[in-house]
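Enquirer: Quick one: structure below, then a few questions.
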Amino acid sequence: MKKIRIIILREFLTRVRKRSFIIMTLLGPALLAGLIILPIYLAQLSDKPKHIVVLDETGLFYGKFPNHAWISFSYSGEDLETLKENLKKGDYDAILYIPTSIVNGPANVKLFMKKEVGWQALEVIKNTINYELRAHKLALAGVDKSLLKEIDVSVNIFTYVIKGKKEEMSYSDLRYFLGFFASLLIYVFIFMYGSMVMRGVIEEKSSRIIEIIVSSVKPFELMMGKILGIALVALLQFVLWIFLTLAILLSFKQANPTMFTYKEPIKAEIKNKGLTPDEAKIIQQNAALEQSELNQLLEGIRNIELKNILISFVIYFIFGYLLYAAMFAAIGSLVDNETDTQQFILPVTIPLLVGFLSINFVLNNPDGPVSFWLSIIPFTSPISMMARIPFTPPVPLWQFLLSVFLLVITFVLMVWISGVIYRRGILLYGKKISWKDVFIWFASQKN
Amino acid sequence: MISVDVENISKYFGNYKALDDISLHVEKGSVFGLLGPNGAGKTTLIRILMQIYAPDGGSVWIDGKKLSPEHTQLMGYLPEERGLYKKMTVGEQALFFAQLKGMSRNEAEKELKKWFEKFDILSWWDRKVEELSKGMAQKVQFIITVVHKPRLIVFDEPFSGFDPINVELLKNEILTLKEHATIIFSTHDMNSVEELCDEIALINRSKIILSGRVRAIKEQFKANLYAISFSYEGNPQELMPKGIEIRKLGDNDSYWDCVVYAPEDVLVKQLLSNILQQGKLISFKEVLPTFHAIFVSKVTGIPINEIVSYEKN
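The listed protein sequences correspond, in order, to chains W and E. Using this note's numbering, the first residue of the first sequence is number 5, and each one after it goes up by one. Using this note's numbering, the first residue of the second sequence is number 960, and each one after it goes up by one.
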């Protein structure tokens, strides 16, 4: 056991001291934090409000465009050419030209801009025109305008899960994201660190260090020492990523305390005449909804059981990695250099790829039979189960335990098989070994 | 110092018999040479001694105790295929290997620095292995093999791939290490056998075909050949008693240098007296076969005296 410790220590220290490890460790959190901060930051970045002049030949839209903090509309009766002149001078940001023909064909609304006004402004314009035009046409058909208000249902879905008597918001979007992120991370880590094990084995074999080492330790000890040492590197990197990301986020919060806090929706400006109190309310609600996306996210982070996700992540990460690392070690022992790994590596990477490629499927059907089997079968379970775990209702405990149990059993079995291959493989220099040879080793196992 | 007894060891790789019923005894404190052509099974036997392979039959005894993992700490091993971690520093690497042999870090550092100083390579301690030349790396590998004061040291083809300076260094070190350790090495460098070995075993095609003390073997393979220099006016053939064959003859006017084959001692006496009476004897010595000759004779089956006569003396 003392010798395994020495080997683990060497594997760990030589890798942790590498420049690439340090760079990865610093770069990861910076990217991750950036991914979180940037959208929030951008959402709060208030531009100079855009001013759009509406030239409405129909008279249907007067005062109908909602004013926001970031966009305002005014209405003009001047002719288009004059307005264009003024636009060039910079009196406003855009001209919205609505010709009379719109009543028959809504295709010919024009927006003249000095600079891009952004897709959000376009959305507001399009929605308002659609809404008013529909109202107008319905009115012509004899339908009351207030009826239109009633049939205009909001399509923002808040998902709830019933737990006993409680109803909880489920934050499906966020769970989807967490599931995706966790399973992707497992896939990347297994692949990255598994192949690191393989390269380490190849290095020892091709440089002939192996023979000196195995005269001091058992090949199995060497293999396990390598696998565990690299596991520590991976865990250290993972923990550092989490802590550094949190540190960056916290320091941002320190510098900008309002960033992650719940905000009151901005009051819609109800300056313009012609709005009924109902219409004003709708505008207000829309504004509230816009703002609430961020609030919902923050709320969700507070409410989802991150602890469970983290614990299962660590379990699946460790055993998933160990399982694959053992296989990668066996492959490394069979070849003299990395380019020869192709013929052996396929059986190892295929299950890993199946797990990876089915992430999306599992996320969309976390409780379906395919997801169930993928998350029970040991070779795909680390990835597929991690995609299921964040969802509610939670994965039944028996499924989780069964999956982990099978994973551990397979890991133990695989370590034994890899140990046999490894012991034989590492001392066969300069020979092309095939799967057939490997099967013969097992058939004639004597050692 | 420890003694090694190999008893009826066999080892198969698939259907191939790599070692066939090998037995040998290595005396405490001796230098033992394992000779044999490539593929004879030397490395396989060494790997069994180092517990890298398990034998399919037979057993190995170290000082009368069955070979077990505890013995690895008493042994030092310099394999034929040797390497180092390229990206590690020399010092860290040496410490790693020394610790694997059971030394504490402090003890290992102290001992290693002594050796590094001795070989005048202390300044490389913090250098990476990839910066070293091959000869430098060989010194480091040697130190790694012996730093934990092993009581049995095994060198597999130690002289192949070493530069001549390092070969000299290695030979001297082997003679020094002999004071504290039993040494086994495999080689096909026959000169080193005669210089260094007390005992040898010759392995060919998975079997031991010859073993014993170096002097005794040489005695056993006496080829009845004699190198004689003399001056004689006339054909030297005239001096040869019946039964003696001249195997090699060089002449320089009336000065003769020849190697003769004399199957019986009486013939030698006769020849000498002939020379003494009719010419002038300059030198006379028995030609003992070199190990190279014994090796070739045993492996190829050509009689020893035919090989020796055509060898350079």
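All C-beta atoms in this analysis are idealised placements derived from N, C-alpha and C, irrespective of residue type, glycine included.
1. By a C-beta neighbour count over all protein chains shown, 10 Å radius and 16 as the cutoff for buried, is R1206 of chain E buried or exposed?
2. Pick out whichever of E:L1136, E:I1103, E:S1092 has its Cα sitting closest to the Cα of D1122 of chain E.
3. At a CB-CB cut-off below 8 Å, which residues of chain W make contact with P1038 of chain E?
4. Is N364 of chain W helix, strand or coil when you go by DSSP?
5. Would K1098 of chain E pass as an interface residue toward chain W - the criterion being a Cβ-Cβ separation below 8 Å?
6. When you compare the CB of L973 of chain E with every CB in chain W, is at least one pair closer than 8 Å?
7. Given this structure, state the Cα-to-Cα distance separating V1225 of chain E from K1257 of chain E, to the nearest angstrom.
8. Please say whether I1162 of chain E and A1013 of chain E have beta carbons closer to each other than 8 Å?
9. So what's F317 of chain W in DSSP terms, helix, strand or just coil?
10. Examine the ligand FMN and report whether any of its heavy atoms sits within less than 7 Å of the Cβ of N974 of chain E.
11. The alpha helix (DSSP H) spanning I526 of chain W covers which residue range?
12. Quick one: what's got a C-beta closer than 8 Å to G233 of chain W's C-beta in the same chain, skipping five residues either side?
13. Mapping DSSP to helix, strand and coil, what is T1141 of chain E?
14. Roughly how many angstroms separate the alpha carbons of Y191 of chain W and F332 of chain W, rounded to a whole number?
15. Considering only C-alpha positions, which residue in the set E:F1114, E:S1242, E:L1026 is nearest to L1155 of chain E?
16. According to DSSP, simplified to helix, strand and coil, what is I1080 of chain E?
17. In whole angstroms, what is the alpha-carbon distance linking G81 of chain W and L91 of chain W?
18. Can you tell me where the beta strand (DSSP E) holding I968 of chain E begins and where it ends?
19. How about T1141 of chain E: is its C-beta nearer than 8 Å to some C-beta of chain W?
20. If we count the other Cβ atoms within 10 Å of its Cβ and call it buried at 16 or more, is F1101 of chain E buried or exposed?
21. Between which two residues does the beta strand (DSSP E) holding N1163 of chain E run?
22. Residues of chain E with CB closer than 7 Å to the CB of L189 of chain W, please, in chain order.
23. Considering only C-alpha positions, which residue in the set W:I387, W:N341, W:F376, W:I102 is nearest to V318 of chain W?
24. Using the DSSP secondary-structure output, state which residues sit across from E1204 of chain E in a beta bridge.
25. I'd like to know if I444 of chain W contacts chain E, where contact means its C-beta is closer than 8 Å to some C-beta of that chain.
26. So what does DSSP say about L356 of chain W, is it helix, strand or coil?
27. What residue does the beta strand (DSSP E) around H1251 of chain E start on, and which one ends it?
28. Mapping DSSP to helix, strand and coil, what is A73 of chain W?
29. Among the residues of its own chain, which have a CB less than 6 Å from the CB of R1006 of chain E, if the five just before and after it don't count?
30. Going by the beta-carbon positions, is the gap between E1050 of chain E and W1084 of chain E smaller than 8 Å?
31. Name the DSSP bridge partner or partners of T1048 of chain E?
32. So with Cβ pairs under 8 Å, would you call L978 of chain E a contact of chain W?
33. So, is L59 of chain W buried or exposed, given that buried needs 16 or more other C-beta atoms within 10 angstroms?
34. According to DSSP, is E225 of chain W helix, strand or coil?
35. Which residues mark the beginning and the end of the alpha helix (DSSP H) in which D441 of chain W is found?
36. Give every residue of the same chain whose Cβ lies closer than 8 Å to the Cβ of S105 of chain W, excluding the five residues on either side of it in the sequence, and list them in chain order.
Expert: In short:
1. buried
2. E:S1092
3. R212, E215, I216, S219
4. helix
5. no
6. A quick correction: the sequence has Gly, not Leu, at residue 973 of chain E. Cβ-Cβ to chain W under 8 Å: yes for G973 of chain E.
7. 28 Å
8. no
9. helix
10. The ligand FMN is not part of the structure shown, which contains no ligands of any sort.
11. This structure gives no information on residue 526 of chain W, because the portion of chain W shown stretches from 5 to 451.
12. I11, I12, L13, R14, E15, F16, R19
13. strand
14. 14 Å
15. E:F1114
16. coil
17. 15 Å
18. 963-972
19. no
20. buried
21. 1158-1163
22. In chain order: nothing, as chain E lies at least about 28 Å away.
23. W:I387
24. E:Y1220
25. yes
26. helix
27. No beta strand (DSSP E) contains H1251 of chain E, which is instead part of the alpha helix (DSSP H) from 1250-1259.
28. coil
29. Y1012
30. Rather than Glu, the amino acid found at residue 1050 of chain E in this sequence is Gly. A contact, by the Cβ cut-off of 8 Å.
31. E:K1087
32. no
33. buried
34. helix
35. 439-447
36. N112
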